[in-house]
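Q: The structure under discussion is supplied below as structure tokens; questions concerning it will follow.
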Ligand code: SF4
């Protein structure tokens, strides 16, 4: 009995040692794989953004604006709407009213006719008027350049704040929309399960020289080349660098 018990304890001990070593090896393997991927992808990522830069050295938003205030209002209006539809509306609105005071003076009902063709225009009209009043009351009619102050405005969430900080103030922020989310995941530039994870990974992985313009390059690439249903891989300038397994050739 004594020997049998000793043998059983020995067996259990060996099992734990094997499990422990197995876990360590697994961890080591994961670390090595991650290191390898990071090194490999860093080179590819650089090449991808270098390519974007060669094709389009000064990428711009397709929203039409002439100052930070016009941009802010256009971005609020662009939620779940196309830039084309927003531009059509602001081309009529801005010649009449393009300051917080002038738009606030229109009030909700006066603003609606200008933005009626944009989705969710009722809610957007209310948000725009509240934002204009807040800018007048709290920011001397200027658009604030901090995330905290921007996100405190009506109709301004993280994505809108990121667009304004990046486009109006040149900060290296990433406003992850549906296009950027898709391109980042397909190419493996900065994969992530949700928009916040992709945003954080882009900030971590996009090479510094390209950080400020990356947002526009990725949106334009998703909008015109890496289309949701049928990406145009044949005419894609980064197809040799993209790691998407289901390219359409
Ligand atoms: S190769 Fe295809 S999937 Fe990859 S980025 Fe280009 S269009 Fe998108």
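In the numbering used here, the protein residues as written are 101 to 349.
Glycine is no exception: its CB is placed at the ideal position from the N, C-alpha and C atoms.
1) Give me, in chain order, the residues of the same chain whose beta-carbon lies closer than 7 Å to that of residue 139; leave out the 5 immediate sequence neighbours on both sides.
2) By Cβ distance, which residues of its chain are closer than 7 Å to residue 202, with the 5 residues on each side in sequence left out?
3) Based on Cα-Cα distance, which residue from 343, 349, 214, 264 lies nearest to residue 312?
4) Have a look at residue 338 and residue 146 and give me their C-alpha separation to the nearest angstrom.
5) Give every residue of the same chain whose Cβ lies closer than 7 Å to the Cβ of residue 161, excluding the five residues on either side of it in the sequence, and list them in chain order.
6) May I have the straight-line CA-CA distance separating residue 325 from residue 121, to the nearest angstrom?
7) Closest to residue 252 by C-alpha separation, out of 346, 230, 118, would be which residue?
8) In chain order, what are the residues with a CB under 7 Å from some non-hydrogen atom of ligand 1?
9) Excluding sequence positions up to five away, which residues of its chain have a Cβ less than 6 Å from the Cβ of residue 113?
10) Please give the ranges of any alpha helix (DSSP H) in the segment 235-276, keeping only runs that are unbroken, at least 4 residues long and fully inside the region.
11) Assuming the contact rule is C-beta atoms closer than 8 Å, residue 276 and residue 259 should be a hit. Round their C-beta distance to whole Å, please.
12) Could you name the residues of the same chain whose beta carbon sits closer than 7 Å to that of residue 343, not counting the 5 residues immediately before and after it, in chain order?
13) Just to confirm before moving on: does the CB-CB distance between residue 321 and residue 152 stay below 8 Å?
14) Do the CB positions of residue 282 and residue 314 come within less than 8 Å of each other?
15) Within 10 angstroms of the Cβ of residue 107, are there 16 or more other Cβ atoms? Answer buried if so, exposed if not.
A: In brief:
1) With a pLDDT of 46 at residue 139, under the threshold of 50, the modelled position of this residue cannot be trusted; read the value that follows with caution. Same-chain partners within the cutoff: there are none.
2) For residue 202, there are no CB contacts under 7 Å within the same chain when 5 residues up- and downstream are skipped.
3) That would be 264, whose Cα lies nearest to the Cα of residue 312.
4) Rounded to the nearest angstrom, the two C-alpha atoms are 11 Å apart.
5) Contacts found: 267, 316.
6) So the two alpha carbons sit approximately 47 Å from each other.
7) Nearest C-alpha to residue 252 among 346, 230, 118: 230.
8) Every residue whose beta carbon comes nearer than 7 Å to a heavy atom of ligand 1 appears here in chain order: 283, 286, 287, 321, 325, 326, 331, 332, 333, 336, 338, 339, 342, 344, 347, 348.
9) Same-chain partners within the cutoff: there are none.
10) Listed in chain order, they are 247-251, 258-267.
11) Right, the Cβ-Cβ distance comes to about 7 Å (below 8 Å), so this counts as a contact.
12) Within the same chain, residue 343 has close Cβ partners 287, 288.
13) In this structure, the beta-carbon distance from residue 321 to residue 152 falls below 8 Å.
14) Against a cut-off of 8 Å, the Cβ pair of residue 314 and residue 282 comes out as no contact.
15) Classification for residue 107: exposed.
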